[in-house]
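Note that the protein sequences, when read in sequence, are chains G, V and A.
As numbered in my numbering, the first sequence has no gaps in its residue numbers, which increase by one up to the final residue, 456.
As numbered in my numbering, the second sequence has no gaps in its residue numbers, which increase by one up to the final residue, 311.
As numbered in my numbering, the third sequence has no gaps in its residue numbers, which increase by one up to the final residue, 1352.
Contents: one structure, followed by commentary.
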Amino acid sequence: MRKVAVVGAGMTKFVRRALETGKELSWQAARMALESCELTIDDIDAVCLGTAPDSFDGVHMNGEYLSDGSGAWRKPFMRSYVGGGTGVFVPIQGWYHVASGLFDIVLVVAEEKMSSYYPHAQAAFLTIFDHTTERPLKPNLLWIFALEMNRYMQTYGITKAEIAHVAVKNKRNAADHPCALLGDPNLTVEDVLNSEVLAWPVNRLDVSPVSDGAVAVVLAVEHVATRITDKPVWIEGVGWNLDTAHWTNRDLAYPRYVEFAARMAYEMAGIKEPRREIHIVEPYDPFDYKELHHLEGLLLADRGKAPQMVVDGVTQRDGDLPVCPSGGLLGVGNPIAAAGLMKIAEIFWQLRGEAGARQVPGQPKRGLAQAWGDLMQVGTVVIMGR
Amino acid sequence: MSDQIAVYPGTSLSEDDILEGKVLSIHDKLDGRYAWDTGIAIGQYLAGLKEGLILGAYCATCRKTVVPPRIVCEWCFRPMTRYVPLKDTGTVNTFSLCYVTWDVKRIKKPEIPAVIEIDGASPLHGILHKVGEIDPSEVHVGMRVKAVWKPPAEREGAITDIICFTKLNTEV
Amino acid sequence: MHDRVAIIGVGWSGFRPVTPELSYKELIYEAAVKAYADANLDPRKDIESFVTVAEDFYEGTSIFDEYTPDQLGAVLKPVHTIGGDGLHGLATACMLILTGQFSVVAVEGHSKASNVKTLPQVIGYAQDPILNRPLRFNNHFIPGLDMNRYLFDTGTSLEQCASVIVKNRRNALVNPSAPYGADLTLEDVLSGEPTAWPLNSHQIAHHADGAIVIVLASADRVHSFTDKPVWVTGVGWCNDSPALENREWGEAIYAREAARMAFRQAGMLNPGRAIDFVEVDDVYGYKELQSLEAMGFFRRGEAGKATEEGFTHPDGELPVNVSGGSQGFGDLLDANGLARALEVVLQLRGEAGPRQLESVSTGLAQSWRGVPSASGAVVIMSGE
């Protein structure tokens, strides 16, 4: 099988409301990614784009609309889509473009401009629910997270205070990220617990809000990658998995679809003991409890035991298993698809020793990025290594 | 190379920049209207709701009863043709107290969404609905609830034919 | 061995202007059951990955990929959705198999156009919201502009474009799956009310509902499922400028580039000779001519004449849209490409009944994503 590496990356700031249009955000990220490995758009054989629901932008076939900003003029172009999992799926899409033998160098772009939706992007999420059996109840995006968080807490006896440690860790980590929207070096657990209740058990500071931003990476096949850079970061394993749409017929306490995706990736990467072999983890953290939920699904913590890891400091940047050294979605921001690809870019920079103030010590060799989405349904996992 | 980049693009605007016209903007409203065919399974489900009945479906191969009914069992891929009347009582699997509406308005009295496992369906098989007619502080995981129906004349064959679920009184 | 991919099963449900008795999930289930029976497999055991094509606004649901797995037998499997035409989905399935990680992959596309009450508005929302939408033109203005320039550049006549419609709708009469078969004359087609001149109402395909599922496998697994594999020998896809202001009007450059990529993979230096029949986009009648020329089957301005002379009729040298095309099947939104691929498969297997072409071994399917995009894909298939 052809080996594929990430050879370049770029990203825009994540902001609540960007002046730049979706096309401009995509272009900025793509341009930076190309510059980072001294390539031009002519070197790119194909483009893959990830962007979440069209309803935010109010543009049907949004992928087509953004294709020129993403560099796809007169090139093979496809947009992939797995809801919130898209940010970590689109590099998988890039991976199969290259690993299939059809293309040697692929540009992968993830863009989100949620602020176009007026007055608040959250309202767009009404339409993700089943049109006949659920939408008439006027459900809210917060509902599904709150329902899942409550089930998770109830099942394992986890407290809000334990969960709040994740928000504190990530927002503090994000203070070192130049693109972060929500970095806060002084945040405390009390701040999180005292913030306004949105949908109990979810408080305002447990959530990463809507943002705009774009990220891009360049993927290349082995013999080309080694000519572009002396520090290629290899894609060692990929996995993705989608559970049933009937989310009310499942136990929300455990994300089994994340486990299935992780197993697929671990097998491909030849990893037998993930807790020892993975040095950095960037799980998807749109809400703080999700980081814990996903660590368990990724088999990096026993079920119900992830909170103890964060309380004990194991998941700090200098801990035994750094989790979200970037600051994650809670700290950097949540432009849905771009946030997932941000995690891939973070692992890329971390493994090359280029993460600046966020650098995890000890020369980490292997990292895992994971995203999640749909109705608590999809897990996407990428394992990268030097 | 993250620590080798000095400037990151992305210009932040505030709500006021747009409202005060500092930045030009265009507003448009999307007219997307749909009439989704309910099909066989959900058609039956809605017809059942109109009659004050919650229907499930039974898969003989997997020996499980699911709700809402569908024509195919997603586990074994065999067709499900047996509809099973379920009770209109159930158990709260999880719930939330939501103080924000779907279009981000703050409300004082919380909406209480819940996943309610319906009696007669297999364990962990439930539907999304609201808990109501109850003090929010009383709601808990594992609570027994019963559907509150609209009067028959007002029912349309919709999930809203059930107004909400409320505490099931176990005393007769 | 994963260096070759074949289609091992096809199934479809439809195609009809309305399908009120089935929800989209049930429509897809029907197509899936047929495809899996055709391929002799159990999706829960044998299919390793699934690819669907869909767009939220066609469905009226955001994050529509949530609702894809159950009716395909894809629960707790690697499933993803591509915002593209069915041929983009087929190309994706090929890529997945060629990586060596997957041996059997299924592709699904569908249309429930009848459920979209404001379909013209929804399609209009694909136009640039700042520069184009405020003009509030009916969507057909875009192919109208393109057709006018095409006629001007190539000297093709309105009658020649109309002859495409006559041919395809007549072809549809012998296709039991096609709802829009009709025996029209040139006058019938030309006398329709103008919509966006030079387009009139008869030159625009009506919409239809339906679902199509196609299953593919790697070369080493093919023979455990079927003894009539249809090999995918080339795939290509390309995006031209989405911005109307940057287009070169009159030419289907996306089709030219997509075809070029596919021909290269198939090792074809002279596609006109190597390909026996084609199924191409004809949602707007002139598009058939424009696409054929873009792909190199005819020189600029010759496709119209060839159609008039019967060259592309079922009994001609290069049968085009013997299925009836989108004119006959109905515009199936993003499933159009799969409908074109479906016909190629049936012809190559000798299963096309009264439409069966004689001694065909290689066919090509091409699609366009529709107004206002400049995006399309090509798949070349061979019976040997």
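Ideal Cβ placement from N, Cα and C applies to all residues, glycine included.
Owing to the predicted nature of the structure, the values given are computational and were not obtained by experimental measurement.
Check	Outcome
Coarse secondary structure for W214/V, derived from DSSP in three states	coil
Chain V residues whose Cβ lies nearer than 8 Å to that of A88/G	G149, T150, S151, L152
Buried or exposed by the 16-neighbour rule on C-beta atoms within 10 Å, applied to E1426/A	Missing from the structure shown is residue 1426/A; chain A here goes from 969 to 1352 and no further.
The segment 274–285 of chain G touching the segment 422–441 of chain G, judged by at least three CB pairs closer than 8 Å	no
Three-state secondary structure assigned by DSSP to I301/V	strand
Stretch-stretch touch, CB-based, cutoff 8 Å, three pairs: the segment 158–165 of chain V with the segment 400–410 of chain G	no
Per-residue burial, S140/G [other beta carbons within 10 Å of its own, 16 or more giving buried]	buried
Close-in-space but distant-in-sequence residues of the same chain around A193/G (CB under 8 Å, 5 per side omitted)	Y187
Outcome for F1193/A when other beta-carbon atoms lying within 10 angstroms are tallied against a minimum of 16	buried
For A250/G, three-class secondary structure by DSSP	coil
For R1101/A, the three-state DSSP class (helix, strand or coil)	helix
Unbroken beta strand (DSSP E) run spanning A339/G, endpoints	Looking at the DSSP string, A339/G is not in any beta strand (DSSP E); the run it does join, the alpha helix (DSSP H), is 326–339.
Coarse secondary structure for P279/G, derived from DSSP in three states	coil
Check whether G1307/A and I1180/A have beta carbons under 8 Å apart	Position check: residue 1307/A holds Ala in this sequence, whereas Gly was assumed. Yes; because the gap between Cβ atoms is below 8 Å, this pair is in contact.
Per-residue DSSP class, three states only, for A245/G	coil
Beta carbon proximity, I298/V to chain G, threshold 8 Å	yes
Exposure of K375/G, with buried meaning 16 or more beta-carbon neighbours within 10 Å	exposed
Residue burial classification, E90/G (beta-carbon count within 10 angstroms, cutoff 16)	buried
With 16 other Cβ atoms within 10 Å as the buried cut-off, status of L1237/A	exposed
Partner residues on chain V for A269/G, Cβ-Cβ distance less than 9 Å	S235, L236, C237, Y238, V239, P249, E250, P252
S981/A (DSSP reduced to helix, strand or coil)	strand
Near-chain V residues of the segment 339–361 of chain G - C-beta to any C-beta below 7 Å	none
Residue from G154/G, R428/G, F126/G, W213/G with nearest C-alpha to L268/G	W213/G
Supposed contact pair S1030/A and D1024/A - C-beta distance, whole angstroms, cut 8 Å	5 Å
Closer than 8 Å to chain A by CB, R221/V	no
Under 9 Å from the C-beta of G171/V: neighbouring residues of chain A	F1025, G1028, V1084, K1085, T1086, Q1089, V1090, Y1093
Where the alpha helix (DSSP H) through W419/G begins and ends	406–421
V311/V in three-state terms, based on DSSP	Low confidence applies here, because V311/V scores a pLDDT of 47, under 50, leaving its location unreliable; read the following figure in that light. In the structure shown, V311/V sits in coil (DSSP, three-state: anything other than H, G, I, E or B).
E232/G at chain V interface by Cβ criterion, 8 Å	no
Beta-bridge pairing of I1050/A - partner residues as DSSP gives them	S150/G, V1021/A
Between the CA atoms of D444/G and V179/G - distance to the nearest angstrom	20 Å
Sheet register partners of Q1334/A (DSSP bridge)	V1346/A
Stretch-stretch touch, CB-based, cutoff 8 Å, three pairs: the segment 1120–1136 of chain A with the segment 1081–1097 of chain A	no
Contact under 8 Å by Cβ, K1080/A with Y1222/A	no
Whole-angstrom distance between L1167/A and L1325/A, CA atom to CA atom	31 Å
CA-to-CA distance, A1333/A to A1234/A, given in whole angstroms	14 Å
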